[in-house]
Amino acid sequence: MATMHQVTQVVLHQHLHHLPPKHSHPSTRSYRVINSVNCFRVESPTESTHFHNSSTEKKTTATNIEEIMDDQISAVDFVELREEFLTLLRSRRSDEVPLTVEQAKPVTSPMYQGDPPPTFSEAMESCPKADVENLKDLLVEENLYLYTEASEQGRLPVLILSMKQTDEEKRPAIVFLHSTHKCKEWLRPLLEAYASRGYVAIAIDSRYHGERASSQTTYQEALVSSWKKGDTMPFIYDTVWDLIKLADYLTHQRDDIDSARIGITGESLGGMHAWFAAFADTRYSVVVPIIGVQGFRWAIDNDKWHGRVDSIKAVFEEARVDLGKSDIDREVVEKVWDRIAPGLASQFDAPCTIPAIAPRPLLILNGEADHRCPLLGLDTPKSEAERAHEAHNSNCFKFVAETGVGHQMTSTMVKEASIWFDTYLK
Numbered sequence: 001m002a003t004m005h006q007v008t009q010v011v012l013h014q015h016l017h018h019l020p021p022k023h024s025h026p027s028t029r030s031y032r033v034i035n036s037v038n039c040f041r042v043e044s045p046t047e048s049t050h051f052h053n054s055s056t057e058k059k060t061t062a063t064n065i066e067e068i069m070d071d072q073i074s075a076v077d078f079v080e081l082r083e084e085f086l087t088l089l090r091s092r093r094s095d096e097v098p099l100t101v102e103q104a105k106p107v108t109s110p111m112y113q114g115d116p117p118p119t120f121s122e123a124m125e126s127c128p129k130a131d132v133e134n135l136k137d138l139l140v141e142e143n144l145y146l147y148t149e150a151s152e153q154g155r156l157p158v159l160i161l162s163m164k165q166t167d168e169e170k171r172p173a174i175v176f177l178h179s180t181h182k183c184k185e186w187l188r189p190l191l192e193a194y195a196s197r198g199y200v201a202i203a204i205d206s207r208y209h210g211e212r213a214s215s216q217t218t219y220q221e222a223l224v225s226s227w228k229k230g231d232t233m234p235f236i237y238d239t240v241w242d243l244i245k246l247a248d249y250l251t252h253q254r255d256d257i258d259s260a261r262i263g264i265t266g267e268s269l270g271g272m273h274a275w276f277a278a279f280a281d282t283r284y285s286v287v288v289p290i291i292g293v294q295g296f297r298w299a300i301d302n303d304k305w306h307g308r309v310d311s312i313k314a315v316f317e318e319a320r321v322d323l324g325k326s327d328i329d330r331e332v333v334e335k336v337w338d339r340i341a342p343g344l345a346s347q348f349d350a351p352c353t354i355p356a357i358a359p360r361p362l363l364i365l366n367g368e369a370d371h372r373c374p375l376l377g378l379d380t381p382k383s384e385a386e387r388a389h390e391a392h393n394s395n396c397f398k399f400v401a402e403t404g405v406g407h408q409m410t411s412t413m414v415k416e417a418s419i420w421f422d423t424y425l426k
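Residue numbering for the sequence shown follows the UniProt record's numbering, starting at 1 and increasing by one per position.
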């Protein structure tokens with residue numbers, strides 16, 4: 001079995017400690033191409049061309065991703081890109097607070113937004129379990145709140161399942177992330193299966209979901225508010241901040257977890273959270289995003305953005321009206337991404353951030369016919385990830401596009417993820 005003790009990691013705390021002040025906002029600073037992939041690095045604010053929300057201005061600085069992929073990958077560039085992303089995360093935070101932990105009660109009536117989910121998930125129920133008699137009686141359930149910042153959304157609900165422990169041996173842990181409009185309780189079948197096999201299994205409510213939602217429309221309203229005010233980043237980024245703080249808790253306050261063996265995975269929106277958390281924080285040592293990785297720039301350039309946009313359409317409709325458009329078009333899409341998740345379609349897009357996960361084991365699971373994560377848009381992220389792993393003499397990258405499958409997590413994907421984690425975390 002492979003061991004992640006052999007993987008050299010960048011210490012995240014050094015990045016967090018040396019970040020610029022919160023008022024230093026990357027989205028108002030200029031960028032230039034650096035010599036790894038089509039990523040953009042912060043330059044002096046005195047440069048003449050700046051990164052704004054205008055698509056025409058964007059085109060003068062964001063050259064098509066596939067045109068400049070020939071330079072050598074530099075680990076230093078990925079460190080700088082990671083630091084830039086962390087600077088962005090801090091720029092829209094409320095006051096930071098010491099990471100504190102509070103006991104919580106189990107959720108008896110989980111909050112699901114949008115259409116009610118099915119009562120049974122064949123894919124999750126297919127996850128391999130250890131043959132343990134009276135499993136339910138041997139599971140230990142913990143319900144916690146972590147406080148990651150001063151705002152209301154800074155209270156992070158956490159659900160942890162593990163087996164009763166008879167020794168003091170540290171165990172591997174895996175963080176599971178739910179899809180849009182669901183919550184941590186939805187993931188319970190996966191948590192139980194992994195816990196039965198000796199993992200500490202962890203799930204959270206992402207921002208404006210589950211216990212962090214107050215109505216059926218909380219998440220959609222948060223996205224619209226982000227477009228209007230530009231003071232939060234509810235699409236992906238704010239939850240990544242929580243996942244960094246979660247890693248602090250798992251590595252510094254848990255005696256039962258091996259800090260070198262923490263995996264992360266998620267479905268759809270959760271897959272994007274897993275991708276970006278692993279990019280931002282190297283303490284996530286094994287990574288499996290499921291139906292989450294996509295090329296945002298590619299989708300805009302090739303008019304294949306509709307599937308993703310339709311999943312959170314309210315914010316794009318609001319932007320369309322504000323921009324005086326009769327229909328949602330590529331300009332509306334680009335402006336929304338630039339506003340609510342700066343850099344998502346440029347310097348933090350998949351071709352730049354997916355290879356930055358190397359040399360850690362990375363398994364990307366997608367559907368061949370997924371309209372939200374079009375397969376052609378993944379050619380460049382895939383090739384760049386392969387190149388990054390080769391540069392590290394690492395053979396622990398795999399990409400699987402399941403034939404005939406759209407935007408759906410399947411039993412095959414769940415089993416592939418299980419094998420991957422057992423290979424690299426056990």
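Ideal placement from N, C-alpha and C gives every residue a C-beta, glycine not left out.
Buried/exposed call for GLY270, threshold 16 Cβ in 10 Å: buried
Beta-carbon separation (whole angstroms), VAL200 vs LEU144, contact threshold 8 angstroms: With 8 angstroms as the limit, VAL200 and LEU144 do not qualify as a contact, their Cβ atoms being about 13 angstroms apart.
Inter-residue CB distance, VAL288 and ALA277 (contact presumed, cutoff 8 angstroms): With 8 angstroms as the limit, VAL288 and ALA277 do not qualify as a contact, their Cβ atoms being about 12 angstroms apart.
Alpha-carbon to alpha-carbon, CYS183 and residue 431: This structure cannot settle anything about residue 431, because the visible part of the chain is limited to 1 through 426.
SER418, enclosing alpha helix (DSSP H) - first and last residue: 411-425
Beta-carbon contacts of ALA417 that lie in its chain and below 8 angstroms, excluding the five residues immediately before and after: THR265, VAL288, ILE290, LEU363 and LEU365
Segment contact, 8 angstroms Cβ cut-off, at least three pairs: the region 107-115 with the region 201-221: yes
In DSSP terms, what TYR147 is bridged to: THR100 and ARG155
Residues near ALA247 by beta carbon distance below 6 angstroms, same chain, minus five either side: ASP281 and ARG283
Endpoints, the beta strand (DSSP E) within which ASP258 is located: 257-267
Where GLY307 sits in the DSSP three-state scheme: helix
Spatial distance of MET163 from ASP258 (CA atoms): 15 angstroms
According to DSSP, residues forming a beta bridge with ALA358: ALA358 pairs with nothing; no bridge assigned.
Span separating the alpha-carbon of THR423 from that of ALA391: 22 angstroms
Cβ pair PRO128, ALA173 closer than 8 angstroms: no
Sequence-distant residues of the same chain with beta carbon closer than 7 angstroms to PRO381, five excluded per side: VAL293, GLY295, ALA350, PRO351 and ILE354
Coil, strand or helix - LYS182 by DSSP: coil
First through last residue of the beta strand (DSSP E) which encompasses ILE174: 171-177
Opposing strand residues paired with ILE204 [DSSP bridges]: VAL158
Sequence-distant residues of the same chain with beta carbon closer than 6 angstroms to GLU185, five excluded per side: VAL107 and PRO110
Under the three-state DSSP convention, the category PHE120 falls into: coil
Cβ neighbour criterion (16 or more within 10 Å) applied to GLN220: buried
Whole-angstrom distance between LEU139 and ALA299, CA atom to CA atom: 44 angstroms
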